[in-house]
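Rendered as structure tokens:
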């Protein structure tokens, strides 16, 4: 597994969230899906010595549930922001209310973890050998006078991406954030 960390300018993303009354983490997840959907490599999942190809993408989010624990929730990616937002709200509320995981075995799912209780300089997920899916993690964004920055960590399996593809993805992600 390889981990890269990049600082993103999320100023425009924050403004869109405020203007359209959208959740920042939902919109960031949508931008991740939008950038990934443009690259064939993100439809592949290495398991053992094989690569499995999926027809569609999903974004996994962790939600606090009604019992005080956490539940895992896979959101199907849609290029349509309104549809993704409806699915995000419906499924995360269901997972929180029912205190159960909602999984989508038919999609190539990206893991995410938003540790927004603090600003992070870096976050790295320990590779366990169980999950080979790309994994995105971030802390709280940092505001200055005119800009808002967010450090985001991307962990991926080297059989899925090389550094060149990872760099291209990170550029596509920034572009997706800027084009909202």
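Numbering (this note's numbering), first residue to last: 3 to 182. Each residue gets a CB set at the ideal place from its N, CA and C atoms; glycine is no exception.
Distance, residue j Cα to residue i Cα
i	j	result
residue 46	residue 134	10 Å
residue 168	residue 6	8 Å
residue 94	residue 30	15 Å
residue 143	residue 12	8 Å
residue 4	residue 175	18 Å
residue 34	residue 58	14 Å
residue 182	residue 112	21 Å
residue 115	residue 27	10 Å
residue 56	residue 44	9 Å
residue 173	residue 36	12 Å
Where residue i falls: helix, strand or coil (DSSP)
i	result
residue 124	coil
residue 141	strand
residue 149	coil
residue 178	helix
residue 105	coil
residue 116	strand
Buried versus exposed, by CB contacts within 10 Å (16 or more), residue i
i	result
residue 89	buried
residue 40	exposed
residue 71	exposed
residue 15	buried
residue 118	exposed
residue 22	exposed
residue 69	exposed
residue 42	exposed
residue 139	buried
residue 9	exposed
residue 60	buried
residue 165	exposed
residue 102	exposed
residue 17	exposed
Beta-carbon separation (whole angstroms), residue i vs residue j, contact threshold 8 Å
i	j	result
residue 155	residue 126	6 Å
residue 74	residue 62	6 Å
residue 141	residue 153	7 Å
residue 97	residue 104	5 Å
residue 109	residue 78	6 Å
residue 171	residue 38	7 Å
residue 250	residue 76	There is no way to answer for residue 250, as the model of the chain reaches only from 3 to 182.
Legend entry - alpha helix (DSSP H) segments (min. 4 residues) lying fully within the segment 5–90: Runs of the alpha helix (DSSP H) inside the segment 5–90: 13–22, 26–38.
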